[in-house]
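J.:
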Amino acid sequence: DISIKTPKVLRFFEENIRKILKNNLQRGRIDVYINIEYISESDTLIVPNMSLARQYKEAIDKIKSELGINNSPSLDTIIKFQDVLVAKEAEPDDDELSICLEKAMNEAVKNLLAMREKEGLQLKADISQSVTRILELMEIISENSKTLVEDYKNKFETRIKELLGSNHELDENRLYNEIVIYADKSDINEEIVRFNSHMSQLSQALDSGGTIGRKLDFIIQEANREINTIGSKVSNLEIIQVVIEIKNLLEKIREQVQNIE
3 DISIKTPKVL
13 RFFEENIRKI
23 LKNNLQRGRI
33 DVYINIEYIS
43 ESDTLIVPNM
53 SLARQYKEAI
63 DKIKSELGIN
73 NSPSLDTIIK
83 FQDVLVAKEA
93 EPDDDELSIC
103 LEKAMNEAVK
113 NLLAMREKEG
123 LQLKADISQS
133 VTRILELMEI
143 ISENSKTLVE
153 DYKNKFETRI
163 KELLGSNHEL
173 DENRLYNEIV
183 IYADKSDINE
193 EIVRFNSHMS
203 QLSQALDSGG
213 TIGRKLDFII
223 QEANREINTI
233 GSKVSNLEII
243 QVVIEIKNLL
253 EKIREQVQNI
263 E
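Under my numbering, the first residue of the sequence shown carries the number 3, and numbering increases by one thereafter.
#1: Quick check: Ile38 and Ser132, are their CB atoms within less than 8 Å of each other?
#2: With DSSP collapsed to three states, give me the class of Asp63.
#3: List in chain order: all unbroken alpha helix (DSSP H) runs of 4+ residues lying wholly within the stretch 65 to 146.
#4: Quick check on Phe197: buried or exposed, where buried means 16 or more other Cβ atoms within 10 Å of its Cβ?
#5: What residue range is occupied by the uninterrupted alpha helix (DSSP H) comprising Ile4?
#6: Would you call Ile143 buried or exposed, if buried means 16 or more other Cβ atoms sit within 10 Å of its Cβ?
#7: Closer than 8 Å by C-beta to Leu12: which residues in its own chain qualify, once you throw out the five before and the five after it? Chain order, please.
#8: With DSSP as the reference, identify every bridge partner of Val34, one or two as the case may be.
#9: Determine the closest residue to Lys187 out of Gly233, Gly215, Arg135, with distance taken between C-alpha atoms.
#10: Would you please state the rounded distance, in angstroms, between the beta carbons of Lys90 and Val49? I believe it to be under 8 Å.
#11: Can you give me the start and stop residues for the alpha helix (DSSP H) that Ile241 sits inside?
#12: Do you know whose CA, among Ile71, Phe83, Gly70, lies nearest Ser53's CA?
#13: Let's test the definition: count the other Cβ atoms within 10 Å of the Cβ of Ala61 and tell me whether it reaches 16, buried, or not, exposed.
#14: Any idea if Ala106 is buried or exposed, counting beta-carbon neighbours within 10 angstroms, 16 or more meaning buried?
#15: Identify which residue in Ser67, Glu16, Glu228 has its Cα closest to the Cα of Met140.
#16: My guess is that Val259 and Asp209 are in contact by the Cβ rule of under 8 Å, so how many angstroms apart are they, rounded?
#17: Just curious, the alpha helix (DSSP H) that Lys235 is in, first and last residue?
#18: Look up Leu27 in the DSSP assignment and say whether it is helix, strand or coil.
#19: Report back the beta-carbon spacing between Arg20 and Ile4 to the nearest angstrom; my notes put them in contact at under 8 Å.
#20: Name the DSSP bridge partner or partners of Val299?
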């Protein structure tokens, strides 16, 4: 998305500006503001209005004839009349302007790319640090997920005994079926594997360079999908707290990715 604001005298160059930007930039919004300042003393021209000067002379000659005056009007007399001499700004040469504008635009784009590269290196370091922390947190989820079924079994048995009394014999088949159903619903191994794969793809994309903004954006979307599924499948408080922290880090990365081309 390119927005260009220039004086009217430079409107002819707007299409060239768009071409220069599109050849160098692939993503994001670009606002271009151009002003022109003349520094040469010869930019103002004094232009005689010959038609008006003739009318003044003819009028003076008519007065002379009517009044019998013999002397002719002097040049000094005529140029003192209003608008006989008009000050105008010199019309700039389009070819010369084009050369100056193209040079200025290329220099501006060069500076922008240098600034983006510097900013990109800083973003890469920060995002990589966030990814490292996310993988550490995912390891915590992975470790805690190993005991989810056993923890649920113990809590379920304890709850049944509390409701029915310790002397009541548990229905082992019923207990087994409940555990199987819970294990199936709370299994997050596939989500963990896919999430870690997304983080690996993200790191590889960062190292590859080039135009990767949209790719990173897509990877973050997919990673969010997996972490949301994990959060909806488990009721373990520690895992839920870790999920929240990971989501916060992913949101931070998502915002940073918007600044990457």
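Just so you know, even glycine gets a beta-carbon here, dropped at the ideal spot from N, CA and C.
Since the structure is predicted, the reported quantities are computational estimates derived from the model, not experimental observations.
T.: Inspection of the coordinates gives the following:
#1: Locating residue 38 in the sequence shown gives position 36, where the first residue counts as 1. Locating residue 132 in the sequence shown gives position 130, where the first residue counts as 1. Contact: no.
#2: Counting from 1 along the sequence shown, the entry for residue 63 is found at position 61. Three-state result, Asp63: helix.
#3: Fully enclosed alpha helix (DSSP H) runs of 4 or longer: 77 to 81.
#4: For the purposes of this step, residue 197 is taken as residue 195 along the sequence shown, with counting starting at 1. Buried.
#5: Within the sequence shown, the letter at position 2 stands for residue 4. Note, Ile4: premise wrong, no alpha helix (DSSP H); beta strand (DSSP E) at 4 to 7.
#6: The residue labelled residue 143 in the question sits at position 141 within the sequence shown. Answer is buried; the Cβ neighbour count reaches 16.
#7: By one-based count along the sequence shown, residue 12 stands at place 10. Excluding residues within five positions, the ones whose Cβ falls inside 8 Å are Ile36, Ile38, Leu99, Leu103.
#8: In the sequence shown, counting from the first residue as 1, residue 34 sits at position 32. In the DSSP assignment, the residues bridged to Val34 are Ile6.
#9: Start at 1 with the first residue of the sequence shown, and residue 187 comes out as number 185. Considering only alpha carbons, the answer is Gly233.
#10: Within the sequence shown, numbered from 1, the residue matching residue 90 stands at position 88. Within the sequence shown, numbered from 1, the residue matching residue 49 stands at position 47. About 5 Å; that satisfies the 8 Å criterion.
#11: Numbered from its first residue, the sequence shown carries residue 241 at position 239. Its alpha helix (DSSP H) spans residues 239 to 259.
#12: Here the question's residue 53 lines up with position 51 in the sequence shown. Here the closest residue by C-alpha is Phe83.
#13: For the purposes of this step, residue 61 is taken as the residue at position 59 of the sequence shown. In this structure Ala61 is exposed. Its beta-carbon is surrounded by fewer than 16 other beta-carbon atoms within 10 angstroms.
#14: One-based indexing of the sequence shown puts residue 106 at position 104. Ala106 comes out exposed.
#15: Indexing the sequence shown from 1 puts residue 140 at position 138. Here the closest residue by C-alpha is Glu228.
#16: Counting from one through the sequence shown, the residue named residue 259 turns up at place 257. Counting from one through the sequence shown, the residue named residue 209 turns up at place 207. With 8 Å as the limit, Val259 and Asp209 do not qualify as a contact, their Cβ atoms being about 15 Å apart.
#17: Within the sequence shown, residue 235 is the residue found at index 233, counting from 1. Residues 215 to 235.
#18: Along the sequence shown, one-based indexing puts residue 27 at 25. Here DSSP, grouped into helix, strand and coil, assigns Leu27 to coil.
#19: Position 18 of the sequence shown, counted from the start, is the residue given in the question as residue 20. Position 2 of the sequence shown, counted from the start, is the residue given in the question as residue 4. Yes, they are in contact, since the Cβ atoms of Arg20 and Ile4 sit about 6 Å apart, within 8 Å.
#20: With the chain covering 3 to 263 only, the question about residue 299 has no answer from this structure.
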